[in-house]
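This report concerns only the one structure given below.
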Amino acid sequence: MGKGELNINSNSDVEKQLKMIELTVEDLQIINRIQPFVIEKIDYIVDRFYKNLENEPSLLMIINDNSSIERLKKTLKQHISEMFDGVINEAYFEKRIRIAHIHVRIGLQTKWYMCAFQDLFLSLVNIIEEKLTKKEDYFRTIRSVSKILNLEQQLVLEAYDSESDRLRSEIEEQKAMIRDNVASASQNLAAISEETNASFQQLHSQSYDIVSFANMGAELSTLAEERAQNGKDQLHKQSINMENIQNSINDISSDVEVLLEISKQMQEIVNIVTGIADQTNLLSLNAAIEAARAGEHGRGFSIVAGEVRKLSEETKKSVTNVATLILNTNSQVEKLTQSLEKIRDAVKNGNNSMEETEDHFEEILKTMGETKLQNNKIENELVSFVNVVNELGKAFEEVALSADNLTMFTQDMN
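In this note's numbering, the protein residues as written are 184 to 597.
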């Protein structure tokens, strides 16, 4: 008989499991007795085990992602050899549970694990059939081996269940956390959406006010443009009037020059008449002298000479008055000429100022036109902005509705 040791806690689940499959110390002794046969054929068992895995590519992928076939062959040889040590204790369970957790962690599905273990059982059956010729020994050994393999499977499947329960528990905790977070976020989202929607409603109202102000600005720009155009037209009329005044002044200046020329000519005539009067007076004086010499015969001629002299003196006196008037007239004409020159300069300066003012009005008109275009653009942009605000308002209403629905869904999840 081989070695058999069964060291487990009383009244534990493991003790109940062993009783249910009727695994005893005697079974462990039987298993330990065929250990040399198993070790002898260990390479055959392991090679067949991994050869069979080639039927499922996903198993090879799991192996290559986490280890290598050569490394796992060494581990499996040790594991199979320890199964036939005939000893079941705390260390045995800890090692099996650790291996089971590795199977769960790498994602080995239970169906492929069961298939692989069945292949291992068939390999052991072949060895037992070859080495044990007695029918009674053969069946007893088969029963004992099936029990130890069943225990191995129980431990692995229990680890699967335990890990699955743990994962389910974690998932439930995560789901609960997600539900709480979603509920909190949805409530915050609903509150934020309502506040944002209220802000957008206020913005919507203010946007219409801004558009109204923009309309008023455009209307004021149009009015200012019209007034600037009227001012420019009036300046243009004033420029024409100033030009007419300038022409009139030029005409007056020409007439004054003609008048001065006539005054000069009159002065020349006065000078001639004065000269004639002086000569006439001299001649009358000579005639009077000659009449005096003539005595009684020259009295009549003396009277005529006296009258002529009086007439000459009157003429000279009148001519002198006329000369004085002409001189005064020339003085006034010169003053008028100076005044006209000043008026001409003033009109010229006025024309220059009006031209500059008209240029300023032209710039004002240009600026007002650009301002009007800019105001129209602003108005159009604001209209587009209001439309966008309307769309955003609708979108936030939908967000608020979605947030409410999300809150209801999270409540249903609970």
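The beta-carbon is built from N, C-alpha and C at its ideal position, and this holds for glycine as well.
Check	Outcome
Contact belief for residue 215 with residue 268 at Cβ below 8 Å, rounded distance in angstroms	6 Å
Collapsed DSSP secondary structure at residue 486 in the structure displayed	helix
Cα-Cα separation between residue 402 and residue 554, rounded to whole angstroms	11 Å
Alpha helix (DSSP H) segment containing residue 241, residue limits	240-249
Buried or exposed by the 16-neighbour rule on C-beta atoms within 10 Å, applied to residue 460	buried
Beta-bridge pairing of residue 204 - partner residues as DSSP gives them	DSSP output for residue 204 lists no bridge partner at all.
Spatial distance of residue 534 from residue 442 (CA atoms)	28 Å
Residue range of the unbroken alpha helix (DSSP H) whose run includes residue 235	225-236
Continuous alpha helix (DSSP H) stretch holding residue 309: start and end	293-314
Of the residues 302, 364, 232 and 217, the one placed nearest residue 313, counting alpha carbons only	217
Reference residue 411; option with closest CA among 437, 562, 270 and 546	546
Span separating the alpha-carbon of residue 582 from that of residue 368	13 Å
Residue 375 versus residue 382 - alpha carbon distance	10 Å
Residue environment, residue 226, which counts as buried when at least 16 other CB atoms sit within 10 Å	exposed
For residue 451, the residue or residues it bridges with in DSSP	Residue 451 is not bridged to any residue.
Identity of the residue in 248, 589 and 594 nearest residue 373 by Cα	589
Same chain, Cβ closer than 8 Å to residue 338, neighbours up to 5 away in sequence not counted	276, 279, 280 and 283
Spatially closest choice to residue 390 from 586, 563, 578 and 196, by CA coordinates	563
Close beta carbons around residue 380, own chain, < 7 Å, minus the five adjacent residues each side	576, 579, 580 and 583
Secondary structure of residue 271, DSSP reduced to three states	strand
Residue 472 classed as buried or exposed, judged by whether at least 16 other C-beta atoms fall within 10 angstroms	exposed
Nearest-angstrom Cα separation, counted from residue 503 out to residue 423	47 Å
Backbone CA spacing between residue 433 and residue 440 [nearest angstrom]	10 Å
Reference residue 295, options 260, 235, 430 and 341, closest by Cα	235
Residue 537 beta carbon less than 9 Å from that of residue 384	no
Per DSSP, cross-strand counterpart(s) of residue 153	There is simply no residue 153 to check, as the chain begins at 184 and stops at 597 in what is shown.
Whole-angstrom distance between residue 427 and residue 437, CA atom to CA atom	15 Å
Within 9 Å, strictly: CB atoms of residue 291 and residue 211	no
Simplified DSSP assignment, three categories, for residue 509	helix
Limits of the alpha helix (DSSP H) - the one that residue 262 falls within	252-266
Residue environment, residue 593, which counts as buried when at least 16 other CB atoms sit within 10 Å	buried
Distance between beta carbons of residue 205 and residue 358, contact taken as under 8 Å	Actually they are not in contact, since the Cβ atoms of residue 358 and residue 205 sit about 43 Å apart, beyond 8 Å.
Exposed unless 16 or more other CB atoms sit within 10 angstroms - verdict on residue 349	exposed
With 16 other Cβ atoms within 10 Å as the buried cut-off, status of residue 352	exposed
Closest residue to residue 447 among 247, 474, 505 and 431 (Cα-Cα distance)	505
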